[in-house]
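Residue numbering for the sequence shown follows the numbering used here, starting at 218 and increasing by one per position. We put the CB at the ideal spot given by N, CA and C, even for glycine. These notes concern the structure reproduced below.
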Amino acid sequence: PGPFPGVIEIQGTGGGLLEYKASLLASRGFATMALAYYNYEDLPKQMKDFRLEYFEEAVNYMLQHPKAKSIFS
Numbered sequence: 218p219g220p221f222p223g224v225i226e227i228q229g230t231g232g233g234l235l236e237y238k239a240s241l242l243a244s245r246g247f248a249t250m251a252l253a254y255y256n257y258e259d260l261p262k263q264m265k266d267f268r269l270e271y272f273e274e275a276v277n278y279m280l281q282h283p284k285a286k287s288i289f290s
């Protein structure tokens, strides 16, 4: 089955990675990616230190994923 609408789920101001939200969306028919952008493993510890290109890479990954349907196509 698929492709499914693609969603990138990011945590709020606390940073880190919470996969349960992405799992919930996936159970409802979305192709999801849980994306940590700071305060997780080797990522920057503070929100001020992240690169915007990091988000662009995540979007490009989802746009190319065979199970994710782009809203642009």
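Worksheet item: How far does the beta strand (DSSP E) with Glu226 in it reach, from first residue to last?
Response: Residue mapping note: residue 226 aligns to position 9 of the sequence shown, counting from 1. Going by DSSP, Glu226 is part of the beta strand (DSSP E) stretching over 221-227.
Practice prompt. Please report how far the alpha carbon of Leu269 lies from the alpha carbon of Tyr255, in whole angstroms.
Written response: Here residue 269 corresponds to residue number 52 of the sequence shown, with the count starting at 1. Here residue 255 corresponds to residue number 38 of the sequence shown, with the count starting at 1. If you take the alpha carbons of Leu269 and Tyr255, they lie about 12 angstroms apart.
Worksheet item: Rounded to a whole number of angstroms, what is the C-alpha to C-alpha distance between Ala251 and Gln228?
Response: For the purposes of this step, residue 251 is taken as the residue at position 34 of the sequence shown. For the purposes of this step, residue 228 is taken as the residue at position 11 of the sequence shown. Those two C-alpha atoms are separated by around 8 angstroms.
Discussion item. The beta strand (DSSP E) that contains Met250, what's its start and end?
Written reply: What you label residue 250 is simply residue 33 of the sequence shown in a count that begins at 1. Element bounds for Met250: 248-252.
Worksheet item: Anyone know if the C-beta pair for Leu241 and Ala253 falls short of 7 angstroms?
Response: For the purposes of this step, residue 241 is taken as the residue at position 24 of the sequence shown. For the purposes of this step, residue 253 is taken as the residue at position 36 of the sequence shown. In this structure, Ala253 does not lie closer than 7 angstroms to Leu241 by Cβ.
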